[in-house]
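**Student:**
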Amino acid sequence: MSQYQTSSTVVDASTLVEYATITGRLIPASSEDYMKLTRLAWSFKRAVQVATRMIAKGVDSNDVLKELRKMLNKAYADSAFKIAKAIVRGCITNGGDPLHVEVRKLFIVSEGESSRLGNRNVRFEDTNLVKVKYPYDGSWTQFRAKFGEKYLPLLRELVKLAKQKKASYNAKIVFRNTKIYLHLSVPIQLYLKYFKRGDALGEFIAGFDLNSDRVNLVIIDKYERIVDVKTEWFPEVTSPGFSREKARALRLRALAKLLKYCYTHGVGAVVFENLLDVKKRRFAKSKTANRKISRFAKRELLHYVIVMSLKYGFKVLLADPKGTTSSAEHGRFMMKHGLDRH
């Protein structure tokens, strides 16, 4: 699709996404395995908390890692350090004080290493058997893995490639409602091999605007003429006390609906704001507006929507949002086409 050219302000998103995430359950083989995993999760959480404080205070990275490696093995410690850096960066972006960050939930993260059979600390022996490294005595805890039937062919190939040291996968273990879940990040090309839905060959271009309470869609032709406009609303997600998980589900459902619409209406390329380059969020004077902004994890959604778009075979582009919504040209364009009212 050579008609979609990139520039210094437009980026090909397919080059930025290396993994797609699938989720399954982990069921401990014994009560001892469960207790060991729980202790490890508490230690990992503590390590991330310590690292956020040290990073926020400007402590040298080598000193932070040295401290973390006293608490965990090298691979766990390195993962905790990267998580802490992301937390501090996100807190600063949102206008917060990283010294006041509290890590509340129990979790464990281990990054993939192809030279270590896919992952140093979380190993797939088979599609239904996972071992997790317990660093305090060098033992392995065992868990039965339960993934949806549709993921099994993908997992079989991933396990085979990992044992051949040809693939890696990131693993995140979380505790939720007394259950243990494994979020597995698999190589994007392997994921698309099994879950690609089609090849979008249309000539139209779709632009998306992600907001806290809605998603706006504008479809244009090659002459930059508007051919369609749609908006999916979900105002309830900005209400005080509304579950973040439910809000995320509603936003993803809206995006999935609009992407499917684009696929069936001649769209070949989709464009989103390059939120990966946004250094700091803009806050308003209104407390309500600030609540909407702070609760809305745009970057998390962006990764998901890129993967979703690639499944349809769209050319996925990210445009620099700097100065667009506040420009006079943008205002005139929006008013001319009746888009200022969303």
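Residue numbers for the sequence shown follow my numbering, beginning at 1453 and rising by one. Where is the CB? At the ideal position from N, CA and C, for every residue including glycine.
How would you write the range of the beta strand (DSSP E) that Ser1591 sits in, first residue to last?
**Tutor:** Start at 1 with the first residue of the sequence shown, and residue 1591 comes out as number 139. Unbroken beta strand (DSSP E) run through Ser1591: 1591 to 1598.
**Student:** What residues are listed by DSSP as bridge partners for Val1722?
**Tutor:** In the sequence shown, residue 1722 corresponds to position 270, counting from 1. DSSP, once it has assigned bridges, lists Ala1658, Val1768 as partnering Val1722.
**Student:** Out of Ser1591, Gln1616, Arg1628, point me to the one whose CA is closest to Arg1477's CA.
**Tutor:** Locating residue 1477 in the sequence shown gives position 25, where the first residue counts as 1. When each option's Cα is compared against that of Arg1477, the closest is Arg1628.
**Student:** I'd like the list of long-range same chain contacts for Ala1614, defined as Cβ closer than 6 Å, with 5 residues on each side in sequence excluded.
**Tutor:** Taking the sequence shown and counting its residues from 1, one reaches residue 1614 at position 162. The answer, listed in chain order, is Leu1569, Gly1570.
**Student:** Report the rounded CA-to-CA distance for Thr1690 versus Leu1753, giving the unit in angstroms.
**Tutor:** Numbered from its first residue, the sequence shown carries residue 1690 at position 238. Numbered from its first residue, the sequence shown carries residue 1753 at position 301. Approximately 16 Å between the Cα atoms of the pair.
**Student:** Got a sec, what are the start and stop residues for the alpha helix (DSSP H) Lys1583 sits in?
**Tutor:** As a working note, residue 1583 is residue 131 in the sequence shown. Unbroken run through Lys1583 is the beta strand (DSSP E), 1581 to 1586; no alpha helix (DSSP H).
**Student:** Tell me, please, whether the stretch 1605 to 1613 touches the stretch 1480 to 1493 by the rule of three or more beta-carbon pairs shorter than 8 Å.
**Tutor:** no
**Student:** Pick from Ala1708, Val1722, Phe1496: whose alpha carbon is nearest that of Leu1558?
**Tutor:** For the purposes of this step, residue 1558 is taken as the residue at position 106 of the sequence shown. Minimum Cα distance to Leu1558 is reached at Phe1496.
**Student:** Look up Gly1476 in the DSSP assignment and give the residues it is bridged to.
**Tutor:** Reading the sequence shown from its first residue, position 24 is the one you call residue 1476. According to DSSP, Gly1476 bridges with Leu1634.
**Student:** Helix, strand or coil: how does DSSP classify Gly1542 here?
**Tutor:** As a first step, residue 1542 is located in the sequence shown; it is residue number 90 there, counting from the start. Three-state result, Gly1542: helix.
**Student:** Which runs of the beta strand (DSSP E), 3 residues or longer, sit entirely within the stretch 1456 to 1540?
**Tutor:** DSSP runs (the beta strand (DSSP E)) wholly in the stretch 1456 to 1540: 1462 to 1464, 1471 to 1480.
**Student:** How many whole angstroms separate the CB atoms of Ser1591 and Tyr1471, which I take to be in contact at a CB cut-off of 8 Å?
**Tutor:** Here residue 1591 refers to the residue found at position 139 of the sequence shown. Here residue 1471 refers to the residue found at position 19 of the sequence shown. Not a contact, Cβ separation roughly 28 Å.
**Student:** Check Glu1752 in the structure and name its three-state DSSP category.
**Tutor:** Along the sequence shown, read from residue 1 onward, the residue named residue 1752 stands at position 300. If DSSP states are grouped into helix, strand and coil, Glu1752 belongs with the helices.
**Student:** Can you grab the Cα-Cα spacing for the pair Pro1773 / Leu1727, in whole Å?
**Tutor:** Position 321 of the sequence shown, counting from 1, holds the residue named residue 1773. Position 275 of the sequence shown, counting from 1, holds the residue named residue 1727. Cα to Cα, Pro1773 sits roughly 8 Å from Leu1727.
**Student:** Under the assumption that Phe1766 contacts Gly1720 (Cβ atoms under 8 Å), give the Cβ distance between them as a whole number of angstroms.
**Tutor:** Residue numbering aside, residue 1766 sits at position 314 when the sequence shown is read from its first letter. Residue numbering aside, residue 1720 sits at position 268 when the sequence shown is read from its first letter. Confirmed, Cβ separation roughly 7 Å.
**Student:** What residue does the beta strand (DSSP E) around Phe1627 start on, and which one ends it?
**Tutor:** Within the sequence shown, residue 1627 is the residue found at index 175, counting from 1. Where Phe1627 is concerned, the enclosing beta strand (DSSP E) stretches over 1622 to 1628.
**Student:** Have a look at the DSSP bridge pairing and note the partners of Glu1684.
**Tutor:** As a first step, residue 1684 is located in the sequence shown; it is residue number 232 there, counting from the start. Paired residues: Val1667.
**Student:** What three-state label does DSSP hand Glu1443 in the structure shown?
**Tutor:** The shown model of the chain, from 1453 to 1794, leaves out residue 1443, and the question about it has no answer.
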